[in-house]
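**Q** Mapping of the sequence shown onto the numbering used here: position 6 corresponds to residue 38, and the numbering continues sequentially without gaps.
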Amino acid sequence: LLTAEKLGVAPGDCMVFEDIPQAVQSAKDAGMTVYGVYDDASKKDWTWIQKTADGAIYDFKNAPL
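1. Give the list of continuous beta strand (DSSP E) stretches no shorter than 3 residues that lie fully inside the stretch 52-88.
2. So who's on the other strand from residue 48, going by DSSP bridges?
3. Please report the straight-line C-alpha distance between residue 75 and residue 39, rounded to a whole angstrom.
4. What number of angstroms, rounded off, separates the C-alpha of residue 84 from the C-alpha of residue 58?
5. Contact defined as beta carbons within less than 8 Å: I believe residue 80 pairs with residue 53. What is the distance between those atoms, to the nearest angstrom?
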């Protein structure tokens, strides 16, 4: 959110890629578009991340632009 503010960009115009549940939720709460990124370290939370984020990817090869 601070970075968006410093860049003069509205949160709704930001796209965030996250692999940590708390970061996914924070970005959603800020009104940002969020893509969950799979990571073995947070695989126990992967189902939640997929349901909560606007989209989910396993790697950046298929990341939306």
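A virtual CB, placed ideally from N, CA and C, is assigned to each residue, including glycine. Bear in mind the structure is a predicted one, so any value in this text is a computation, not a measurement.
**A** Taking the definition as stated:
1. 65-69
2. What you label residue 48 is simply residue 16 of the sequence shown in a count that begins at 1. 66.
3. Within the sequence shown, residue 75 is the residue found at index 43, counting from 1. Within the sequence shown, residue 39 is the residue found at index 7, counting from 1. In a straight line, the C-alpha of residue 75 is about 32 Å away from that of residue 39.
4. Position 52 of the sequence shown, counted from the first residue, corresponds to residue 84. Position 26 of the sequence shown, counted from the first residue, corresponds to residue 58. In a straight line, the C-alpha of residue 84 is about 11 Å away from that of residue 58.
5. The residue labelled residue 80 in the question sits at position 48 within the sequence shown. The residue labelled residue 53 in the question sits at position 21 within the sequence shown. With a Cβ gap of about 6 Å, residue 80 and residue 53 count as contacting.
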